[in-house]
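Engineer:
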Amino acid sequence: MTTEFLPELRYRVAGFLTAEADGQDDAARDDAWRTLFLLRLTCKDFAQIAIIKRVLFKELTLYATEPSATRVRDADLSFLTPFVQTVTLIPTEYDVDLLFADYHALRTSLGENTMPEEEMSRDFTTRHGMARRDDAVIKNGELARIWGKLFMQLQAIHSINVPARIGDHPLLPDLEYDHEVSELRDLIRNRSQDNYHQFFRTIVECLAYTTPNFKTIDIDCEIVNSFRDWTGAAWQQLDLHGLSSLKFTSFDFWDELDSTQRPQRDESIMHAVGRFLTKCSSNLQTFKLDRFVDFPTLEPPLLTSYGLRGLRFLSLGGLWIISHRLGKDIANMPHLETIHLRDCKPGDDDVDWKPVFDAIRHHKMPMYVHFDGCYSQKSNGWEHCNVLMDPAAFDTSLAEAERDVDRDLILYLANRGPWTGLLQKTFG
1235 MTTEFLPELR YRVAGFLTAE ADGQDDAARD DAWRTLFLLR LTCKDFAQIA
1285 IIKRVLFKEL TLYATEPSAT RVRDADLSFL TPFVQTVTLI PTEYDVDLLF
1335 ADYHALRTSL GENTMPEEEM SRDFTTRHGM ARRDDAVIKN GELARIWGKL
1385 FMQLQAIHSI NVPARIGDHP LLPDLEYDHE VSELRDLIRN RSQDNYHQFF
1435 RTIVECLAYT TPNFKTIDID CEIVNSFRDW TGAAWQQLDL HGLSSLKFTS
1485 FDFWDELDST QRPQRDESIM HAVGRFLTKC SSNLQTFKLD RFVDFPTLEP
1535 PLLTSYGLRG LRFLSLGGLW IISHRLGKDI ANMPHLETIH LRDCKPGDDD
1585 VDWKPVFDAI RHHKMPMYVH FDGCYSQKSN GWEHCNVLMD PAAFDTSLAE
1635 AERDVDRDLI LYLANRGPWT GLLQKTFG
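Residue numbers (this note's numbering): 1235 to 1662.
#1: Where in the region 1281-1327 do unbroken runs of the alpha helix (DSSP H), each at least 4 residues long, occur, reported from the N-terminal end onward?
#2: Pick helix, strand or coil for isoleucine 1394, following the three-state DSSP scheme.
#3: Take aspartate 1452 and list the residues in its own chain whose beta-carbon comes closer than 6 Å to its own, dropping the five residues that flank it on each side.
#4: Looking only at its own chain, which residues have a Cβ that is under 6 Å from the Cβ of leucine 1474, when we skip the five neighbours before and after it?
#5: Nearest-angstrom Cα distance between arginine 1650 and serine 1393?
#6: Excluding the 5 residues flanking asparagine 1429 on each side, which residues of the same chain have their C-beta closer than 7 Å to its C-beta?
#7: Quick one: which unbroken alpha helix (DSSP H) runs of 4-plus residues sit fully inside the region 1549-1625? Chain order, please.
#8: Roughly how far, in whole angstroms, is the beta-carbon of leucine 1532 from the beta-carbon of aspartate 1500, given that I think they are within contact range, below 8 Å?
#9: Considering phenylalanine 1526, what are the terminal residues of the beta strand (DSSP E) in which it resides?
#10: Near aspartate 1563, what residues of its chain come up, given a Cβ to Cβ distance below 7 Å and the 5 sequence neighbours on each side ignored?
#11: Just how far apart, CA to CA, sit glycine 1476 and alanine 1378?
#12: With a threshold of 16 other CB atoms inside 10 Å of the CB of asparagine 1620, please say whether the residue is buried or exposed.
#13: Could you name the residues that DSSP lists as bridge partners for histidine 1479?
#14: So alanine 1398 packs on isoleucine 1457, CB below 8 Å; how close in whole Å?
#15: Report the partner residues of phenylalanine 1547 according to the DSSP bridge assignment.
#16: Indicate whether the contact test is met: 3 or more Cβ pairs, each with one atom in the region 1376-1391 and one in the region 1301-1308, closer than 8 Å.
#17: Who are the near neighbours of leucine 1511 in its chain, counting only those whose CB is closer than 6 Å to its CB and skipping five residues on each side?
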């Protein structure tokens, strides 16, 4: 009786905990994950339950460092590879070209220097040794081969994430970058960009020649902005036609750094975005381009020029919006279900949001709309709107609107109200 009951009990416990681990409550999810981890370590029967492995091993993080590459190369990871769905790839924090004088300046100018000179010298020597090893494993192709061999085993892979940094400071993660100090921003930018170029080239080589069946990519703008090998064989080989989600995100660290060189940087980012979109197809359902800037300078691409008529989710943040172009995109995307605009502003000669609003109003699909701090330039300054319209809960959306102009806009977007004088005054 007991031997028949215990397996059932184990599976019921495992089922409860895995459901919690997949839930929306962060605290409960973390607790469940830790409990599953401990159960797997302490009980061999729990260790073999597939649904526990699915939760514990669904995410894998790889670092572009020599020690991490060696561990991956030497380890037998067959126990987890069938369950990995998301892979996060993180660049090295060490730079082989960083001079001691630069390191000293970073320590003393961008963070609290608590190290004696002798200790700082030893720390730099250690870092430089790590940098040489990381640099070698990337440039000799070993990292791409190791990652590529692993990717060929990841049959359940769905998502690839490529963040730009692992600490507050991109070169010295143990320091907190002071955004008020900008004297060394060119040093930070130049050193990071070279690292990111080598790093992303490794990713492209790995993905191009192993062709994993991933569906989504979430990549930091600074990574692709630094890449310089768009005509190389690996990029030409890379196949993204099966991609369903493409997201470019950014962080205020980089956007605050750039002021004098921002136009050149914006051009590089848009070139990279265009290169990606050219490789996508009508299978793409989600596109996101999000930046964190005080004042937008970058315009989103004309998406329908890339044939992306299958798009269902569009999210744009921190961008100049040319309203007639965005309106054209919306009108030519018959399957679009969600549009999210955050901190967007109309271009210099385009102060009218109405083409965007009209495209939403006349779209054949009921659309979930979220305008979060989007602005319109009027004679008395910048007017903004914060509007959330959920067609599945329209009355709630209308009731929660805080201003008359927001309620008028919700009614207009839903084709339930006219273009009022208040809307014309604010956004016309």
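Glycine included, every Cβ here is placed at the ideal spot set by N, Cα and C.
These figures come from a predicted structure and were not determined experimentally.
Structural biologist: Reading it off the structure:
#1: 1284-1290 and 1300-1308
#2: For the purposes of this step, residue 1394 is taken as the residue at position 160 of the sequence shown. In the structure shown, isoleucine 1394 sits in a strand (DSSP, three-state: E or B).
#3: On the sequence shown, residue 1452 is found 218 positions in, with the first residue counted as 1. Excluding residues within five positions, the ones whose Cβ falls inside 6 Å are Asn1395 and Lys1481.
#4: As a first step, residue 1474 is located in the sequence shown; it is residue number 240 there, counting from the start. The residues are Lys1513 and Cys1514.
#5: For the purposes of this step, residue 1650 is taken as residue 416 along the sequence shown, with counting starting at 1. For the purposes of this step, residue 1393 is taken as residue 159 along the sequence shown, with counting starting at 1. Those two C-alpha atoms are separated by around 39 Å.
#6: Along the sequence shown, read from residue 1 onward, the residue named residue 1429 stands at position 195. Contacts found: Pro1325, Thr1326 and Asp1329.
#7: 1557-1565 and 1588-1595
#8: Against the sequence shown, residue 1532 aligns to sequence position 298. Against the sequence shown, residue 1500 aligns to sequence position 266. Confirmed, Cβ separation roughly 5 Å.
#9: Translated into the one-based positions of the sequence shown, residue 1526 becomes position 292. Run containing phenylalanine 1526: none; DSSP gives neither H nor E here.
#10: Along the sequence shown, one-based indexing puts residue 1563 at 329. Result list for aspartate 1563: Leu1536, Leu1537 and Thr1538, in chain order.
#11: Numbered from its first residue, the sequence shown carries residue 1476 at position 242. Numbered from its first residue, the sequence shown carries residue 1378 at position 144. Roughly 22 Å between the two C-alpha positions.
#12: Looking up residue 1620 in the sequence shown gives position 386. Exposed is the call here.
#13: As a working note, residue 1479 is residue 245 in the sequence shown. Reading off the sequence, residue 1479 comes out as serine, not histidine. Partner(s): Thr1450 and Thr1520.
#14: Here residue 1398 corresponds to residue number 164 of the sequence shown, with the count starting at 1. Here residue 1457 corresponds to residue number 223 of the sequence shown, with the count starting at 1. The pair is a contact, with the Cβ atoms about 5 Å apart (cut-off 8 Å).
#15: To locate residue 1547, count along the sequence shown from 1; it is residue 313. Answer is Thr1520 and Thr1572, bridged to phenylalanine 1547.
#16: yes
#17: Counting from 1 along the sequence shown, the entry for residue 1511 is found at position 277. Correct list, in chain order: Tyr1540.
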